[in-house]
Amino acid sequence: MKKISFLMTSDTHGYWLDRPNNPDANLLNTAQVLTAIRQQNQHPTITIDLGDFIQGSSFATYCSQVAKNGDCFARAMNALDYDFQIIGNHEFNFGPDYRNGILEQLNAQVLVSNIIDEETNQPFIGKPYEVIECDGVKIGIIGVTTHYIPNWELPAHYEGLRFDDAFETTKYWCQQLRPHVDVLVVAYHGGFERDLDTFEPLEALKGENQGAQMLREIPEMDVLLTGHQHRYINQKVNHTWAIQPGHAGEWVAEVVVTVDDNHQVVDSVGFLHETTMVPVASQLVPVLEPQYSHGKAWLNTVLGQAPIIQPTTDIFQARVAGHPFVELLNQVQKTVTGAEFSGVALVNEFFALFEGDITNEILLKAYPYYNLIATVRMTGREIYEVMAFDFEYFQLNDVGEMIVNPTYIDPKPKHYNYDMYSGFTTYVDMTKTNGERIVSIVDERTGQPIELDNVYTLAISQYRAVGGGDYTMFTKDKIQSISEIDIATALVKALETFDAAKWQQINQDYNHVVWHSGESNTLEDEVERCK
């Protein structure tokens with residue numbers, strides 16, 4: 015009997031300084047666990063990263079937008095001696111030069127079977143798969159990435175590339191490799207669209223996640239390594255072990271496969287190794303320099319003052335009743351674009367930190383994404399469609415209290431798909447079914463309902479403008495312009511230029527929804543119901 019370990023990280027998002035939910039832990043802890051497991055194993059151990067490793071953290075933003083150099087990520091991965099690297103969707107966020115500059119420095123073999131250079135008809139980088147031999151065992155490893163990337167990214171970020179269906183590509187290569195290997199592993203930057211026990215759908219079956227379909231219809235796989243959804247998964251489905259280790263390096267995934275003397279897989283078992291309560295791999299800090307020290311100093315730099323008055327620090331309350339921080343974001347987007355209306359998501363709880371002295375770190379915690387600002391042209395009728403979809407985020411429970419629609423929480427939190435708009439007031443009847451809740455949308459400049467056939471301009475993120483979050487009403491042909499600066503940079507400018515009158519407006523005029531919910535028919539009533 016021979017054992018082979020597949021050691022995997024995914025969605026680490028550049029959290030080398032701290033994690034979003036734990037300022038005292040970071041990827042230096044993860045690195046320590048990864049190294050320790052590999053040293054302790056008495057059998058061959060193959061290390062794989064599933065991507066999304068250059069974007070997401072404040073430190074990653076510093077590298078991409080200020081230092082304009084992400085070489086430290088490649089150096090860190092090389093120091094950890096990864097064997098294979100998979101491409102994540104967020105590798106495309108900063109354009110091809112930044113992405114490829116990092117990937118080309120990796121010592122690890124990049125595997126990508128379904129992102130194809132249209133000129134060569136070959137993977138745009140690396141190989142589709144690799145076959146290796148460990149202790150006499152032949153192992154095939156296929157790399158594949160969610161093909162949904164064009165639904166999120168600006169076309170310039172993937173120009174010349176074709177995204178083939180992840181499931182179909184995986185099925186093809188599994189059928190090709192299975193006769194020639196003893197162990198077959200699929201490393202997939204994607205997740206699961208169905209419950210793995212009942213196979214009931216967990217989301218719209220649009221192709222973003224196809225892991226369940228792979229488990230049901232590709233019996234050739236022995237191991238399915240997954241990511242993208244930031245979930246914790248560790249179970250055998252049929253005869254295939256499926257695993258996913260969360261995000262930000264919280265866990266290191268390991269699948270141990272046992273092969274008998276006849277080269278047959280006779281057992282597999284998975285582990286999620288916790289990484290928080292371990293020492294840090296301090297030897298990696300010099301590898302991350304100079305960005306590590308420069309990034310820390312930059313993040314602690316005070317940018318200016320935000321005289322925001324916090325009506326609440328509860329994020330559900332803020333989404334229900336509006337919040338000055340959201341109004342600030344919307345005013346920033348309207349200032350940059352000149353659009354009539356603006357919409358933005360309240361993405362996390364760190365909005366409550368945005369008051370008083372604002373450092374780069376506070377700003378990037380409160381708004382962590384790199385997004386340019388798109389100006390889109392839409393008819394009033396299309397805006398009604400947008401808002402009807404937007405307010406599917408909420409629903410009423412059995413006693414008539416408003417809650418978050420569970421589909422926005424499980425299997426993956428999607429709070430970033432609820433946008434809050436400024437410039438018009440939306441009248442919403444929560445007693446109606448999805449798609450029928452919008453009573454009226456009133457232009458706040460005129461006090462009159464928007465005209466269905468009139469064309470209006472909206473300022474939204476580039477992610478939303480290309481249909482991100484399944485907002486199919488937003489299409490590339492509706493984009494009038496894209497800003498040259500991103501939202502975070504525009505926020506810095508606002509701290510420098512917004513006067514006292516502007517801040518007073520932001521602190522006072524942030525409610526843009528009138529709710530009708532059972533017996534409640536005013537915003538104030540609904541806020542009281544949610545307390």
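Everything in the sequence shown is counted per the numbering used here, starting at 15 for the first residue and increasing by one.
Idealized CB from N, CA, C, for every residue including glycine.
None of these values were measured; they are calculated from a predicted model.
- prompt: Do V358 and M416 come within 8 Å of each other at the CB atom, strictly closer than that value?
  reply: Position 402 of the sequence shown, counted from the start, is the residue given in the question as residue 416. Position 344 of the sequence shown, counted from the start, is the residue given in the question as residue 358. Not a contact, by the Cβ cut-off of 8 Å.
- prompt: Nearest to I101 by alpha carbon, out of S307, A267, K379 and D25?
  reply: To locate residue 101, count along the sequence shown from 1; it is residue 87. Nearest C-alpha to I101: D25.
- prompt: Is S534 helix, strand or coil when you go by DSSP?
  reply: Numbered from its first residue, the sequence shown carries residue 534 at position 520. Model confidence at S534 stands at a pLDDT of 44, short of 50, so the residue's coordinates are unreliable and nothing is read from them.
task: Have a look at M392 and F512 and give me their C-alpha separation to the nearest angstrom.
output: Here residue 392 refers to the residue found at position 378 of the sequence shown. Here residue 512 refers to the residue found at position 498 of the sequence shown. Spanning the two alpha carbons is a distance of roughly 28 Å.
query: Applying the criterion that 16 or more other CB atoms from any shown protein chain within 10 Å of the CB defines a buried residue, is M22 buried or exposed?
result: As a first step, residue 22 is located in the sequence shown; it is residue number 8 there, counting from the start. That one is buried.
query: Relative to the C-alpha of P382, which residue among D63, A74, Q227 and K16 is closest?
result: What you label residue 382 is simply residue 368 of the sequence shown in a count that begins at 1. Residue A74 is the option with its Cα nearest to P382.
field: Separation of V442 from F368, as counted between CA atoms
entry: One-based indexing of the sequence shown puts residue 368 at position 354. One-based indexing of the sequence shown puts residue 442 at position 428. Using only the alpha carbons, I get a separation of about 29 Å.
- prompt: Just reading off the beta strand (DSSP E) that K492 is part of, what are its end residues?
  reply: One-based indexing of the sequence shown puts residue 492 at position 478. No beta strand (DSSP E) holds K492; DSSP gives it neither H nor E.
query: Along the chain, which unbroken stretches of the beta strand (DSSP E) at least 3 residues long are found entirely within the stretch 441-486?
result: 452-457 and 469-475
query: Which residues does DSSP pair with G205 in a beta bridge?
result: Numbered from 1 along the sequence shown, position 191 holds the residue referred to as residue 205. Note: G205 sits in no beta bridge, so no partner.
task: Tell whether a beta-carbon distance below 8 Å holds between L360 and I329.
output: For the purposes of this step, residue 360 is identified with residue 346 of the sequence shown, where counting begins at 1. For the purposes of this step, residue 329 is identified with residue 315 of the sequence shown, where counting begins at 1. Yes, Cβ-Cβ distance for L360 and I329 is below 8 Å.
task: With DSSP collapsed to three states, give me the class of A93.
output: The residue you call residue 93 lines up with position 79 of the sequence shown. In this structure, A93 counts as helix in the three-state DSSP scheme.
Own chain residues within Cβ distance below 6 Å of T351, not counting five before or after: To locate residue 351, count along the sequence shown from 1; it is residue 337. Counting only Cβ-Cβ distances below 6 Å, and skipping sequence neighbours, we find I387, T389 and A473.
field: Cβ-based burial, G414 [other Cβ within 10 Å; buried from 16]
entry: In the sequence shown, counting from the first residue as 1, residue 414 sits at position 400. By the 10 Å Cβ count, G414 comes out exposed.
field: Enclosing alpha helix (DSSP H) for T503 [first to last residue]
entry: Here residue 503 refers to the residue found at position 489 when the sequence shown is read from its first residue. It spans I501 to T511 - the alpha helix (DSSP H) in which T503 sits, taken as one unbroken run.
field: In DSSP terms, what N36 is bridged to
entry: Mapped onto the sequence shown, residue 36 falls at position 22. R33, per the DSSP bridge assignment.
- request: Note down the Cα distance separating N43 from V266, rounded to an integer number of angstroms.
  value: Position 29 of the sequence shown holds residue 43. Position 252 of the sequence shown holds residue 266. So the alpha carbons of these two residues sit roughly 10 Å apart.
task: Out of E173, N107 and G154, state which residue places its alpha-carbon closest to the alpha-carbon of E132.
output: Here residue 132 refers to the residue found at position 118 when the sequence shown is read from its first residue. Taking only the C-alpha atoms, the option nearest E132 is E173.
- prompt: So what does DSSP say about I101, is it helix, strand or coil?
  reply: Position 87 of the sequence shown holds residue 101. Correct three-state label for I101: coil.
- prompt: Which residues share a DSSP beta bridge with R176?
  reply: Numbered from its first residue, the sequence shown carries residue 176 at position 162. For R176, which the question treats as bridged, DSSP gives the partners I130.
Enclosing beta strand (DSSP E) for Y246 [first to last residue]: Here residue 246 is taken as the residue at index 232 of the sequence shown, counted from 1. Segment Y246 to V251, the beta strand (DSSP E) holding Y246.
- prompt: On the three-state DSSP scale, how would you describe K545?
  reply: Position 531 of the sequence shown holds residue 545. Confidence is the limiting factor: at K545 the pLDDT is only 38, short of 50, which leaves the residue's position unreliable, though a coordinate-based value still follows. Three-state result, K545: coil.
- prompt: If you follow the alpha helix (DSSP H) that L239 is part of, which residue opens it and which one closes it?
  reply: On the sequence shown, position 225 is the one that residue 239 refers to. Looking at the DSSP string, L239 is not in any alpha helix (DSSP H); the run it does join, the beta strand (DSSP E), is V237 to T240.
task: Could you pull out every unbroken beta strand (DSSP E) segment of at least 3 residues lying fully inside the stretch 390-445, listed in chain order?
output: 408-410, 416-418, 433-436 and 438-443
task: Tell me whether T327 sits in a helix, a strand or coil according to DSSP, three-state version.
output: Translated into the one-based positions of the sequence shown, residue 327 becomes position 313. In this structure, T327 counts as coil in the three-state DSSP scheme.
message: Quick check on DSSP: helix, strand or coil for S24?
response: The residue you call residue 24 lines up with position 10 of the sequence shown. In the structure shown, S24 sits in coil (DSSP, three-state: anything other than H, G, I, E or B).
message: Measuring straight from C-alpha to C-alpha, what distance separates T183 and I247?
response: Here the question's residue 183 lines up with position 169 in the sequence shown. Here the question's residue 247 lines up with position 233 in the sequence shown. Their backbone Cα atoms lie some 23 Å apart in a straight line.
message: Tell me the rounded alpha-carbon separation between I60 and E458.
response: Here residue 60 is taken as the residue at index 46 of the sequence shown, counted from 1. Here residue 458 is taken as the residue at index 444 of the sequence shown, counted from 1. Answer to the nearest angstrom: the Cα atoms are 59 Å apart.
message: Pairs of beta-carbons, one from the stretch 500-510 and one from the stretch 306-315, closer than 8 Å: are there three or more?
response: no
field: Classification of D66 by the beta-carbon crowding that lies within 10 angstroms, buried from 16 upward
entry: The residue given as residue 66 occupies position 52 in the sequence shown. By the neighbour-count rule (16 or more Cβ atoms within 10 Å), D66 is buried.
message: Going by beta-carbon coordinates alone, are A295 and T49 separated by less than 8 Å?
response: The residue you call residue 295 lines up with position 281 of the sequence shown. The residue you call residue 49 lines up with position 35 of the sequence shown. Cβ atoms of A295 and T49: closer than 8 Å.
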